[in-house]
Amino acid sequence: MNNRYDAFLIKYAEIGIKGKNRHVFEEALVRQIKIALRPCEGRFSVIRTYGRIFVEAQSEYDFEEVTEALSHVFGIRGICPVAEYEIMPVGELCSTAAAFLQAEYPVDEGTGFGTGGAAGAADGSGTVCPDAKNGAHTFKVHTRRMNKQYPQDSLEVNALVGQAVLEACPNMSVDVHTPEIMLSIEIREKIYIYSQMIPGPGGLPVGVGGKCMLLLSGGIDSPVAGYMVAKRGVRIDAVYFNAPPYTSERALQKVVDLAREISVYTGPIRLHNINFTEIQLYIYEKCPHDELTIIMRRYMMRIAERLAKENDCLGLVTGESIGQVASQTLAALAVTNEVCTLPVFRPLVGFDKEEIIQISRRIGTFETSILPYEDCCTIFVAKHPVTKPRAEVIRRHEQFLNEKIDEMVERAIETDEIIQI
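Here the sequence shown stands for residues 1139 to 1559, numbered as in this note's numbering.
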């Protein structure tokens, strides 16, 4: 347990430029913070004030657990662990601030220098700058006096606290341009002191951008696409096209695990598990094999759109990237889009594979994505798939399916198994 800090100051960036609608985004961020903290040990209150959100601890808590949970909440730019005090005279504030910094960077009696403590660098990285490894640190005091009843203004507090720190901390020196430590003081209805900012993921809080249906496979790309669109405030439902017995239960479990991994960021996900085997076999039997992937993809999009509309989604999301495979050329994407009336969002469309892999590693989905359990997209792959399909040709060949395909689509939708993640 770590009760050294009384609260966490939540900083956001993009929300701050939303003008008259900012309160909508702030309230959404408060909701997401509360959801993220539910599994954490301890009790917390989330308080929204002008330009700031505070998470106040009401009991003992685990510092690492709380900061880990908050670091996955879209909309948060930085998490600042703060010490909270009642309003006090400036002389007492000076000694309190100096003591806070001493606790953050305790002096090693053997060397006379600070040992580094827990405070982060002034650049907001949450780590001590390389030049500070010898224990000597530069600092700057930054005060925000929102409480105009406080006798001293911000500049006076900066000067007085800075002098007190210099007297109390022999390992500290002032650098107003590139300090290693930014000692921040906020004077509101209470006084908040902090010097660390743990980075958050940025973006917008989930829910402010509506809801979309993610076509989720067991690969690397689609979980990253879901993560990226959720970062823009979009809530995610997902659909997985299963093909038993050609795919195993492990393939389904892999997709469930991927949904669970991205739900740490996106919030709860309703995963629709659709049995696609009958449709896939019928297409394989009736249609030219070089067009299998395109035609299967078109039927996946049709079904996904049906589910999207039934669940109040405003668009579809896929992990497609231009030119990555034959079904993702511009011509193929255009033919795929033709069957959709909802917009199709492709947040990875301009990314190369290595860039996508880097994101998947960062968000924790890569190791699951590379497990060797194939999904239905990889079962019936043509040796020489068409790369420049023509819509009129594809439509003509889809007529070979007219006898049974509508009934099969209805049966596939009836197989929908909803897995709550």
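Every residue, glycine too, gets a C-beta built ideally from N, C-alpha and C.
Taking the CB atoms as reference points, tell me whether residue i and residue j lie closer together than 8 Å.
i     : j     : result
F1483 : V1346 : no
G1145 : E1206 : Checking the sequence, you will find Ala at residue 1145 rather than Gly. Not in contact: A1145 and E1206 (Cβ atoms no closer than 8 Å).
V1312 : L1304 : yes
I1557 : L1352 : no
Y1330 : L1354 : no
A1376 : A1302 : no
E1202 : A1389 : no
Y1243 : P1339 : no
C1178 : M1335 : no
Y1129 : V1228 : Look at the range of the chain in this structure, 1139 to 1559, and you will see that residue 1129 is not part of it.
I1407 : I1173 : no
T1276 : P1317 : yes
C1232 : L1298 : yes
V1372 : G1405 : no
Check each candidate in the options and name the one with the smallest Cα separation from residue i.
i     : options                       : result
N1540 : I1421, R1398 and V1477        : I1421
T1553 : N1380, A1469 and P1523        : N1380
K1286 : E1324, G1180 and F1182        : E1324
E1222 : V1295, K1328 and L1354        : K1328
V1344 : A1368, E1493, P1361 and V1547 : A1368
C1451 : T1479, S1465, R1436 and I1494 : T1479
K1278 : V1295, M1366 and M1284        : V1295
T1506 : Q1391, F1538, P1317 and E1179 : Q1391
S1465 : S1209, R1186, T1525 and I1171 : T1525
V1204 : R1181, D1544 and Y1332        : R1181
P1361 : V1519, F1538 and I1494        : I1494
I1417 : E1224, L1147, R1549 and H1275 : R1549
Q1496 : G1189, I1374 and I1358        : I1358
E1423 : V1394, V1314, A1520 and Q1462 : A1520
Check the DSSP bridge columns for residue i and list the partner residues they point to.
i     : result
P1317 : In DSSP, P1317 forms no bridge with anything.
Y1223 : I1329
M1310 : H1275
E1555 : N1411
V1193 : F1146 and V1184
P1337 : G1216
Cβ of residue i within 7 Å of any heavy atom in the ligand MN?
i     : result
A1306 : Summarising the ligand content, the structure contains no ligands, and the ligand MN is consequently not present.
ask   = Counting only runs that start and end within the stretch 1343-1419, where is the beta strand (DSSP E) found for 3 or more residues in a row?
value = Positions of the beta strand (DSSP E) runs, each at least 3 residues long and wholly inside the stretch 1343-1419, are given as 1349-1353, 1373-1380 and 1408-1413 in order along the chain.
Decide yes or no for the touch test of the stretch 1199-1213 against the stretch 1159-1176: beta carbon pairs closer than 8 Å, at least 3 of them. In short, these stretches touch, since the Cβ pair count reaches three.
Give a yes or no on contact between the stretch 1483-1492 and the stretch 1378-1385, applying the rule of three or more CB pairs nearer than 8 Å. These segments do not touch.
### Query
Do three or more CB pairs link the stretch 1393-1405 to the stretch 1416-1434 at distances below 8 Å?
Inter-segment contact for the stretch 1393-1405 and the stretch 1416-1434 is absent: fewer than three beta-carbon pairs are separated by less than 8 Å.
Can you confirm whether the stretch 1441-1458 touches the stretch 1471-1479 when touching is taken to mean that 3 or more C-beta pairs between the two stretches lie within less than 8 Å? Below 8 Å, enough C-beta pairs join the stretch 1471-1479 and the stretch 1441-1458 to call them touching: three or more.
At 4 residues or longer, and completely inside the stretch 1196-1245: list those alpha helix (DSSP H) runs for me, N to C. Unbroken alpha helix (DSSP H) stretches of 4 residues or longer found wholly inside the stretch 1196-1245: 1201-1208 and 1228-1242, given in chain order.
Checklist entry - Which ranges does the alpha helix (DSSP H) cover as unbroken runs of at least 4 residues, wholly within the stretch 1419-1495, from first to last along the chain? => result Here the runs fully enclosed are 1430-1448 and 1468-1475.
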